[in-house]
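Chains as they are written, first to last, in the numbering used here: chain E, 402 to 640; chain Y, 402 to 640.
For glycine and all other residues, C-beta sits at the position ideal for the given N, C-alpha and C.
Written out below as structure tokens is the structure these notes cover.
2 protein chains.
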Amino acid sequence: MIFGAILAGGVGSRMGEDIPKQFLDIEGKPVILYSLEKFLQSPRMDLVFIGVSEPWLDYTRELVQKYLPENAHRVHIVLGGSGRNDTLQNIIAAIDKVRTGDPKDIIVTHDAARPFVKLRMIEENIDAALQCGAVNTVCPAIDTIVMSQDGVTISDIPNKLLMYYGHSPQSFQIDLLKRLYSTLTQEEKDILTDACKICSLRGQEVALVKSEYTNLKITTPGDYLIAKAYVAAGIHLQE
Amino acid sequence: MIFGAILAGGVGSRMGEDIPKQFLDIEGKPVILYSLEKFLQSPRMDLVFIGVSEPWLDYTRELVQKYLPENAHRVHIVLGGSGRNDTLQNIIAAIDKVRTGDPKDIIVTHDAARPFVKLRMIEENIDAALQCGAVNTVCPAIDTIVMSQDGVTISDIPNKLLMYYGHSPQSFQIDLLKRLYSTLTQEEKDILTDACKICSLRGQEVALVKSEYTNLKITTPGDYLIAKAYVAAGIHLQE
Numbered sequence: 402m403i404f405g406a407i408l409a410g411g412v413g414s415r416m417g418e419d420i421p422k423q424f425l426d427i428e429g430k431p432v433i434l435y436s437l438e439k440f441l442q443s444p445r446m447d448l449v450f451i452g453v454s455e456p457w458l459d460y461t462r463e464l465v466q467k468y469l470p471e472n473a474h475r476v477h478i479v480l481g482g483s484g485r486n487d488t489l490q491n492i493i494a495a496i497d498k499v500r501t502g503d504p505k506d507i508i509v510t511h512d513a514a515r516p517f518v519k520l521r522m523i524e525e526n527i528d529a530a531l532q533c534g535a536v537n538t539v540c541p542a543i544d545t546i547v548m549s550q551d552g553v554t555i556s557d558i559p560n561k562l563l564m565y566y567g568h569s570p571q572s573f574q575i576d577l578l579k580r581l582y583s584t585l586t587q588e589e590k591d592i593l594t595d596a597c598k599i600c601s602l603r604g605q606e607v608a609l610v611k612s613e614y615t616n617l618k619i620t621t622p623g624d625y626l627i628a629k630a631y632v633a634a635g636i637h638l639q640e
Numbered sequence: 402m403i404f405g406a407i408l409a410g411g412v413g414s415r416m417g418e419d420i421p422k423q424f425l426d427i428e429g430k431p432v433i434l435y436s437l438e439k440f441l442q443s444p445r446m447d448l449v450f451i452g453v454s455e456p457w458l459d460y461t462r463e464l465v466q467k468y469l470p471e472n473a474h475r476v477h478i479v480l481g482g483s484g485r486n487d488t489l490q491n492i493i494a495a496i497d498k499v500r501t502g503d504p505k506d507i508i509v510t511h512d513a514a515r516p517f518v519k520l521r522m523i524e525e526n527i528d529a530a531l532q533c534g535a536v537n538t539v540c541p542a543i544d545t546i547v548m549s550q551d552g553v554t555i556s557d558i559p560n561k562l563l564m565y566y567g568h569s570p571q572s573f574q575i576d577l578l579k580r581l582y583s584t585l586t587q588e589e590k591d592i593l594t595d596a597c598k599i600c601s602l603r604g605q606e607v608a609l610v611k612s613e614y615t616n617l618k619i620t621t622p623g624d625y626l627i628a629k630a631y632v633a634a635g636i637h638l639q640e
């Protein structure tokens, strides 16, 4: 089975607004709906789980009923945890209750604040996860990447041609991810918020799917401006 | 002496427009004017050199006369080279003809397509270059940075807390940069388009100055949208 996992547990403190960024409005529709609709467009997607913080549970349920009444039976709302990892673990626990247990069952995880994911990326994530076990969606770095151990002087400037920005979706064979996660110490669980990094650290091959620069994560008020400009320009409609 | 070096040699092929991105209009003013004005605001800046490709030489001279007639004597237009390094070398050659030769003479280099540099960054670049010899302007990475040797699978996900996006200005003691550049092989000159990387490779300490996310480089049509939104929001007026 194939499951979507939209991570919407964030409370959006960096935006300086009352509403978490995944619930901000863009032309009459909350940000989270843009990616949720794309996930539901995938014919292979059995169910999409959304992890949200407690105060937003009912609101998210209402959004799904309002915008996607015909698909509401394919969407499950789950209580998120205190961080990204916890939210993902809560979703996996909820998935475990409904899945048949095929070792090739796939979870396609996605940031709720990345509204411009394309169906093509989701499909390629599923294909690559079935084949390789773990997948990240990335695009080549635009800026030179600079490494600094102390934040004061440069330690290294790695070859830019080898550097990518890590976006989402990130996809995994569920049993594989659970197995790797169970090997983490508590300290590692606190540090490792990126599930692909967990795979990489434990020697699990992670395949790359091509992202696009438009697949931005809304983090700052500037990003929100960009996202609104993208919707005005029809970026969300591009295949 | 302190010299500005605005690198405007690019021809903007990635924008899919006829006009290089540094000459695109934002609210009645070409992109390059935004950073040029900031450079001229620095009281320590003796002269600002602009390196442009041959077809844009006269146009750039006219822009300076039109928008900055009272400061035109502080601006020198220089023919750019085929790449970023060549343009920088042409500017350094032109500076060598006017400078007194103080070993602490500084060059503050900047991308013409980064209109939202702040005077604060320029001043901190000068201070740090006087002290350390080489400076990069950077901000903490937003996306997880992923390294891939083959573009197919992940090789490494370095610790995000140590990763920065390299912006500009980049500043150098001129004699130091010339000395390091003279040690490069032709192959290295072709590969190393980033002067801070040249310093880093040769063991020269490079200090960091804090950039901001708004200090974006206009590379794609989406960036141009953002830049116009930033000007509409008054970002270019912020100290």
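Secondary structure of residue 504 of chain Y (DSSP, three-state): coil.
At least one CB of chain Y lies nearer than 8 Å to the CB of residue 614 of chain E. Close to chain Y, meaning a Cβ-Cβ distance shorter than 8 Å, are the following residues of the stretch 604 to 635 of chain E: 606, 607, 608, 609, 614, 615, 618, 620, 621, 623, 626, 627, 630, 631 and 634. Interface residue (Cβ-Cβ distance to chain Y less than 8 Å): residue 567 of chain E is classified as such. Close CB contacts of residue 548 of chain E within its chain, under the 6 Å cut and outside five residues either way in sequence, are with 556 and 557 (chain order).
Apart from the 5 residues on each side of it in sequence, residue 402 of chain Y sits with its Cβ closer than 7 Å to the Cβ of 447, 500, 501, 503 and 506 in its chain, given in chain order. For residue 610 of chain Y, the enclosing beta strand (DSSP E) has its first and last residue at 608 to 611. Distance from the Cα of residue 582 of chain E is smallest, within the candidate group E:598, E:570, E:571 and E:567, for E:598.
Excluding the 5 residues flanking it on each side, residue 545 of chain E has same chain C-beta neighbours closer than 8 Å at 558 and 561, in chain order.
Residues of the stretch 563 to 592 of chain Y whose Cβ lies closer than 8 Å to any Cβ of chain E, in chain order: 563, 564, 565, 566, 567 and 568. Of the candidates E:486, E:443, E:524 and E:408, the residue whose Cα lies closest to the Cα of residue 588 of chain E is E:486. Per the C-alpha coordinates, the member of Y:580, Y:634, Y:492 and Y:554 positioned closest to residue 604 of chain Y is Y:580.
In the DSSP assignment, residue 565 of chain Y falls within the beta strand (DSSP E) that extends over 564 to 574. Among the residues of chain E, those whose CB is under 7 Å from the CB of residue 543 of chain Y are 620, following chain order. According to the DSSP assignment, residue 541 of chain Y belongs to the beta strand (DSSP E) that extends over 535 to 541. Here the alpha carbons of residue 464 of chain E and residue 470 of chain E stand approximately 9 Å from one another. In the assembly as shown, residue 476 of chain Y is a buried residue. Its beta-carbon has 16 or more other beta-carbons within 10 Å. Cβ contact annotation for residue 515 of chain E (same chain, cutoff 8 Å, sequence separation greater than five): 436, 568, 569, 616, 617, 618 and 619, in chain order.
Non-local beta-carbon contacts of residue 439 of chain Y in its own chain, meaning distances under 8 Å to residues more than five positions away in sequence, involve 518, 519, 520 and 523 in chain order.
At a cut-off of 8 Å between beta carbons, residue 432 of chain E makes no contact with chain Y.
For the beta strand (DSSP E) assignment, the uninterrupted runs of no fewer than 3 residues enclosed by the stretch 451 to 518 of chain Y are, from N- to C-terminal side, 476 to 480 and 507 to 512.
Within chain Y, the residues placing a beta-carbon under 8 Å from that of residue 598 of chain E are 545 and 558, ordered along the chain. Closest option to residue 531 of chain Y, judged by alpha-carbon separation, among Y:608, Y:593 and Y:540: Y:608.
DSSP places residue 627 of chain Y inside the alpha helix (DSSP H), whose first and last residues are 622 to 633. When the Cα atoms are used, residue 445 of chain Y and residue 529 of chain Y turn out to be separated by approximately 14 Å. Nearest in C-alpha terms to residue 571 of chain E, of all of E:468, E:404, E:511 and E:426, is E:511. Residue burial is scored here from C-beta neighbours: residue 428 of chain E has fewer than 16 other C-beta atoms within 10 angstroms and is therefore classed as exposed. In this structure, the alpha-carbon of residue 614 of chain E lies about 20 Å from that of residue 595 of chain E. Within the same chain, and ignoring the five residues on either side of residue 484 of chain E in sequence, the residues whose Cβ sits closer than 7 Å to its Cβ are 594.
Residue 474 of chain Y counts as exposed, since fewer than 16 other C-beta atoms from the protein chains shown sit within 10 angstroms of its C-beta.
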